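Chains B and X, in that order, are what the protein sequence lines are. Residue numbers for the first sequence follow the numbering used here, so the first one is 11 and each next one is one higher. Residue numbers for the second sequence follow the numbering used here, so the first one is 11 and each next one is one higher. Using N, Cα and C, we set each Cβ at its ideal position, and we do this for glycine too. Fair warning: this is a prediction, and the values are worked out from it, not measured in the lab. Below: the structure, in structure tokens.
2 protein chains.
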Amino acid sequence: MSKKPARDRLAEAAFDLFDERGYEQTTVDDITERAGLGRTTFFRYYRSKEDVIFPDHDRLLEQMAERLSATSSEAGMLAVSDAVRVVMVHYLQEGKVARRRYALTSRVPALRDREIVSTARYQRLFSEFIAAWLTDNAGYGRSDSDRDQVALQAEVIAAAMVAAHNHVLRRWLRGQVQDPLPELDKALGRVIKVFAIPGLTPAGDGSSVGATDDTAVIAFRTSTDLDTLISSLKRIVGS
Amino acid sequence: MSKKPARDRLAEAAFDLFDERGYEQTTVDDITERAGLGRTTFFRYYRSKEDVIFPDHDRLLEQMAERLSATSSEAGMLAVSDAVRVVMVHYLQEGKVARRRYALTSRVPALRDREIVSTARYQRLFSEFIAAWLTDNAGYGRSDSDRDQVALQAEVIAAAMVAAHNHVLRRWLRGQVQDPLPELDKALGRVIKVFAIPGLTPAGDGSSVGATDDTAVIAFRTSTDLDTLISSLKRIVGS
DNA sequence: GCTCATAACGGTACTACGTACCATTATGGT
DNA sequence: ACCATAATGGTACGTAGTACCGTTATGAGC
Chain B
11 MSKKPARDRL AEAAFDLFDE RGYEQTTVDD ITERAGLGRT TFFRYYRSKE
61 DVIFPDHDRL LEQMAERLSA TSSEAGMLAV SDAVRVVMVH YLQEGKVARR
111 RYALTSRVPA LRDREIVSTA RYQRLFSEFI AAWLTDNAGY GRSDSDRDQV
161 ALQAEVIAAA MVAAHNHVLR RWLRGQVQDP LPELDKALGR VIKVFAIPGL
211 TPAGDGSSVG ATDDTAVIAF RTSTDLDTLI SSLKRIVGS
Chain X
11 MSKKPARDRL AEAAFDLFDE RGYEQTTVDD ITERAGLGRT TFFRYYRSKE
61 DVIFPDHDRL LEQMAERLSA TSSEAGMLAV SDAVRVVMVH YLQEGKVARR
111 RYALTSRVPA LRDREIVSTA RYQRLFSEFI AAWLTDNAGY GRSDSDRDQV
161 ALQAEVIAAA MVAAHNHVLR RWLRGQVQDP LPELDKALGR VIKVFAIPGL
211 TPAGDGSSVG ATDDTAVIAF RTSTDLDTLI SSLKRIVGS
């Protein structure tokens, strides 16, 4: 009768109790009692009561920070899209747990707030990466004004990407879509397209962008046949 | 010697103490002691210790909800822009207080989180309004698919608008711009323009927004020759 | 099997936020 | 002066989270 690790037993007890009597109505003592462990042990594994629901969030964030910082800068928005996909895939792998958490976060304001804060961290990470990428690849200079434009652009794009992800994710969490990845790709693709990255076709201010750039092509898996794609590509690039 | 209202004295004492010894190092008892009031009184005026820093946030949110819901639907993004401006103007009117709060939120994680949650509420409000507007004015139908597209679009736009606002607001809070309103208008204008609102006219390549295809190809103008591009495309898509 | 270092776990005490409830003191109108 | 009502104060309590130390398991080496 080898017992499960303490960490898991605690999480299990917590989820069960939250379902039974609600989040606020469950104390940490209740959880540890059911898990057959001491109160101290709980706080050793989870920083807070909320933390038991969002366990590997920090890990995921670090993981993505590495992933992005290790990415060669020319990969650009492709890297961001990939990173966003990683988040989605992580939820998919969680499966039922993710949906259980969603049921909780939908009902408990404190948990919803916590989740919002979490996604804001991702957004910030993306924003910083995009800003760096824009600086390197989009022909912006290093003047204060240019830096500000880059920062603004990066923040807006990051916000849009995260919003798109969250929308598709929630659809999956609610069971409105079985395989959300194609939808996600489509949604992210639209965001990227909408921002015309990094075409930024000569703005009125005359800042020519992308003059010195090298190759950057982003393609999403699609059911469209290759010939149609290539002709589209010719139409766009060949201009 | 007519004293100031209790509410104000509490806020004053709180801000002073936060500056002197930091947020976490200041207890509610410290605040009430300096204000010469009872602990109960503090919690009568402010729901929590954090709340003393973000006092009229709920009021502002309600105010904007009214403003938006009272707006005739055809006003569209103009109404959203106005609402965003209202938020900015509110900060400007606060003046030094807003900057003081910014100094605190920059240093104290708990307060930063709280602010993020606050802005998320605005974002949600905008998102709902934009979704309603898109449904009424952008030629979407009432099918499930269309409704989802509207919701996605609305959430992305709302996120972008809020991000733009926050960027300009932070610039002002840091003293990097004296009159942020023109910058704000410019930034919001760009967001609206980028999303091609209204009209949502089909892009040049013929992939209209409402179409049912799942194709997404993004190409950047590049100096690389077409053959290289095509082989890259094959490698990515053809897998 | 024994020893011992180390990791895992438990217990107690403490601080502080936030709530509930009731008592007390202004305040202003008649 | 009286009284209704609002504003304020006090006490007690529950609970999250921290600090600290004591106790028990675990496993490697002999």
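Task: Between the CA atoms of Asp40 of chain X and Leu20 of chain X - distance to the nearest angstrom - done: Taking the second sequence and counting its residues from 1, the one referred to as residue 20 of chain X is at position 10. Taking the second sequence and counting its residues from 1, the one referred to as residue 40 of chain X is at position 30. Approximately 10 Å, taken between the alpha carbons.
- [ ] Quick one: grab the DSSP three-state call for Leu47 of chain X.
- [x] Your numbering for residue 47 of chain X matches position 37 in the second sequence. Here Leu47 of chain X sits in coil by DSSP.
TODO: Please determine, among B:Ile167, B:Gly185, B:Arg184 and B:Glu76, the residue with the shortest C-alpha to C-alpha distance to Val204 of chain B.
DONE: Here residue 204 of chain B is taken as the residue at index 194 of the first sequence, counted from 1. When each option's Cα is compared against that of Val204 of chain B, the closest is B:Ile167.
- [ ] Can you have a look at Arg152 of chain B and say buried or exposed, based on whether 16 or more other CB atoms are within 10 angstroms of its CB?
- [x] Counting from 1 along the first sequence, the entry for residue 152 of chain B is found at position 142. With fewer than 16 other Cβ atoms within 10 Å, it is exposed.
Task: Minimum Cβ-Cβ distance from Ile202 of chain X to chain B less than 8 Å - done: For the purposes of this step, residue 202 of chain X is taken as residue 192 along the second sequence, with counting starting at 1. No - not a single Cβ of chain B is within 8 Å of the one on Ile202 of chain X.
Task: Residues near Ala141 of chain B by beta carbon distance below 7 Å, same chain, minus five either side - done: Here residue 141 of chain B refers to the residue found at position 131 when the first sequence is read from its first residue. Val160, Ala161 and Ala164, listed in sequence order.
Open item on the list: Within 8 Å, do at least three Cβ pairs link the segment 179 to 196 of chain B to the segment 82 to 102 of chain B?
Closed with: yes
TODO: Using the Cα positions of Thr50 of chain X and Phe25 of chain X, report the straight-line distance between them to the nearest angstrom.
DONE: Locating residue 50 of chain X in the second sequence gives position 40, counting from the first residue. Locating residue 25 of chain X in the second sequence gives position 15, counting from the first residue. When rounded, the distance between both Cα atoms is 19 Å.
Task: Chain-order list of residues whose beta-carbon lies under 8 Å from that of Glu60 of chain X (same chain, five-residue window excluded) - done: Within the second sequence, numbered from 1, the residue matching residue 60 of chain X stands at position 50. Correct list, in chain order: Ala120, Leu121 and Arg124.
- [ ] Please report how far the alpha carbon of Ala16 of chain B lies from the alpha carbon of Leu47 of chain B, in whole angstroms.
- [x] Position 6 of the first sequence, counted from the start, is the residue given in the question as residue 16 of chain B. Position 37 of the first sequence, counted from the start, is the residue given in the question as residue 47 of chain B. Going by the C-alpha atoms only, they are around 8 Å apart.
TODO: State the Cα-Cα distance for the pair His175 of chain X and Lys14 of chain B, rounded to the nearest angstrom.
DONE: Here residue 175 of chain X refers to the residue found at position 165 when the second sequence is read from its first residue. Here residue 14 of chain B refers to the residue found at position 4 when the first sequence is read from its first residue. Whole-angstrom Cα-Cα distance: 49 Å.
Task: Neighbour list for Leu162 of chain X in chain B, Cβ cutoff strictly below 7 Å - done: Here the question's residue 162 of chain X lines up with position 152 in the second sequence. Correct list: Ala174, His177 and Ala197.
Open item on the list: Can you pull the chain B neighbours of Asp189 of chain X, defined as C-beta to C-beta under 8 Å?
Closed with: Translated into positions along the second sequence, residue 189 of chain X becomes position 179. Under the 8 Å cutoff, chain B gives no residues; its nearest Cβ is about 15 Å from Asp189 of chain X.
Open item on the list: Along the chain, where does the alpha helix (DSSP H) containing Ala148 of chain B start, and where does it finish?
Closed with: Taking the first sequence and counting its residues from 1, one reaches residue 148 of chain B at position 138. Run containing Ala148 of chain B: none; DSSP gives neither H nor E here.
Task: Rounded straight-line distance, which links the Cα of Leu70 of chain B to that of Tyr55 of chain B - done: The residue you call residue 55 of chain B lines up with position 45 of the first sequence. The residue you call residue 70 of chain B lines up with position 60 of the first sequence. Each residue's alpha carbon lies about 17 Å from the other.
Task: Residue-level contact to chain B via CB, Asp18 of chain X, 8 Å cutoff - done: Start at 1 with the first residue of the second sequence, and residue 18 of chain X comes out as number 8. Judged by the 8 Å Cβ criterion, Asp18 of chain X is not in contact with chain B.
Open item on the list: Could you compute how far the alpha carbon of Ser128 of chain X sits from the alpha carbon of Met87 of chain X?
Closed with: For this step, residue 128 of chain X is matched to residue 118 along the second sequence. For this step, residue 87 of chain X is matched to residue 77 along the second sequence. Their backbone Cα atoms lie some 21 Å apart in a straight line.
Open item on the list: Mapping the DSSP letters down to three states, classify Ala161 of chain B as helix, strand or coil.
Closed with: Numbered from its first residue, the first sequence carries residue 161 of chain B at position 151. Reduced to three states, the DSSP call for Ala161 of chain B is helix.
Open item on the list: Is it buried or exposed, Asp18 of chain X, if we count other Cβ atoms within 10 angstroms and call 16 or more buried?
Closed with: For the purposes of this step, residue 18 of chain X is taken as residue 8 along the second sequence, with counting starting at 1. Counting Cβ neighbours within 10 Å, Asp18 of chain X comes out exposed, since fewer than 16 surround it.
Task: Distance, Asp156 of chain B Cα to Tyr150 of chain B Cα - done: Position 140 of the first sequence holds residue 150 of chain B. Position 146 of the first sequence holds residue 156 of chain B. Near 6 Å, if we compare the C-alpha coordinates of Asp156 of chain B and Tyr150 of chain B.
Open item on the list: I'd like the list of long-range same chain contacts for Asp224 of chain X, defined as Cβ closer than 7 Å, with 5 residues on each side in sequence excluded.
Closed with: Start at 1 with the first residue of the second sequence, and residue 224 of chain X comes out as number 214. Summary for Asp224 of chain X: the model assigns pLDDT 38, below 50, so the residue's position carries little reliability; its value from the coordinates is reported in the next sentence. Excluding positions up to five away in sequence, the list is empty.
Task: Any chain B beta carbon closer than 8 Å to Glu165 of chain X - done: Mapped onto the second sequence, residue 165 of chain X falls at position 155. It does: the Cβ of Glu165 of chain X has a partner Cβ on chain B nearer than 8 Å.
Open item on the list: Looking at Arg181 of chain B: is its Cβ nearer than 8 Å to the Cβ of Pro190 of chain B?
Closed with: Within the first sequence, numbered from 1, the residue matching residue 181 of chain B stands at position 171. Within the first sequence, numbered from 1, the residue matching residue 190 of chain B stands at position 180. Against a cut-off of 8 Å, the Cβ pair of Pro190 of chain B and Arg181 of chain B comes out as a contact.
Task: Collapsed DSSP secondary structure at Asp92 of chain B in the structure displayed - done: Position 82 of the first sequence, counting from 1, holds the residue named residue 92 of chain B. Looking at Asp92 of chain B - three-state DSSP - the assignment turns out to be helix.
Task: Asp18 of chain B - containing alpha helix (DSSP H), residue span - done: For the purposes of this step, residue 18 of chain B is identified with residue 8 of the first sequence, where counting begins at 1. Taken as a continuous stretch (DSSP letters only), the alpha helix (DSSP H) holding Asp18 of chain B covers Ala16 to Arg31.
Task: N-terminal and C-terminal residue of the alpha helix (DSSP H) that Glu72 of chain B is part of - done: The residue you call residue 72 of chain B lines up with position 62 of the first sequence. Looking at the DSSP string, the run of the alpha helix (DSSP H) that includes Glu72 of chain B is His67 to Ala80.
Open item on the list: Can you confirm whether Asp123 of chain X, when its beta carbon is compared against all beta carbons of chain B, has any partner nearer than 8 Å?
Closed with: Residue 123 of chain X sits at position 113 when you count from the first residue of the second sequence. Cβ-Cβ to chain B under 8 Å: yes for Asp123 of chain X.
TODO: Below 7 Å between beta carbons is the criterion; list the residues of the segment 118 to 147 of chain X that meet it against any residue of chain B, in chain order.
DONE: Asp123, Ile126, Val127 and Ala130
- [ ] Return helix, strand or coil for Thr115 of chain B, following the three-state DSSP convention.
- [x] Locating residue 115 of chain B in the first sequence gives position 105, where the first residue counts as 1. Reduced to three states, the DSSP call for Thr115 of chain B is helix.
Task: Secondary structure of Glu125 of chain B, DSSP reduced to three states - done: Translated into positions along the first sequence, residue 125 of chain B becomes position 115. Looking at Glu125 of chain B - three-state DSSP - the assignment turns out to be helix.
Task: Nearest neighbour of Ala148 of chain B, chosen from B:Gln133, B:Ala85 and B:Gln188 [CA to CA] - done: As a position in the first sequence, residue 148 of chain B is number 138, starting the count at 1. Of the listed residues, the one whose Cα sits closest to Ala148 of chain B is B:Ala85.
TODO: Report, in whole angstroms, the separation of the C-beta atoms of Ala75 of chain X and Ala173 of chain B, which I expect to be a contact under 8 Å.
DONE: In the second sequence, the residue the question calls residue 75 of chain X occupies position 65. In the first sequence, the residue the question calls residue 173 of chain B occupies position 163. Their Cβ separation, rounded to whole angstroms, is 20 Å, which puts Ala75 of chain X and Ala173 of chain B out of contact at 8 Å.
- [ ] Mark Ala89 of chain X as exposed unless 16 or more other C-beta atoms lie within 10 angstroms of its C-beta, in which case mark it buried.
- [x] Translated into positions along the second sequence, residue 89 of chain X becomes position 79. It counts as buried.
Open item on the list: Is Ser137 of chain B near the ligand ADP - that is, is its Cβ less than 7 Å away from at least one heavy atom of it?
Closed with: Absence of the ligand ADP is noted for the structure shown, with no ligands found whatsoever.
Task: Proximity below 8 Å, CB of Ala23 of chain B to CB of Arg57 of chain B - done: Within the first sequence, residue 23 of chain B is the residue found at index 13, counting from 1. Within the first sequence, residue 57 of chain B is the residue found at index 47, counting from 1. Against a cut-off of 8 Å, the Cβ pair of Arg57 of chain B and Ala23 of chain B comes out as no contact.
Task: Beta-carbon neighbours of Phe205 of chain B, restricted to chain X and to distances below 7 Å - done: For the purposes of this step, residue 205 of chain B is taken as the residue at position 195 of the first sequence. Within chain X, the residues near Phe205 of chain B are Val204.
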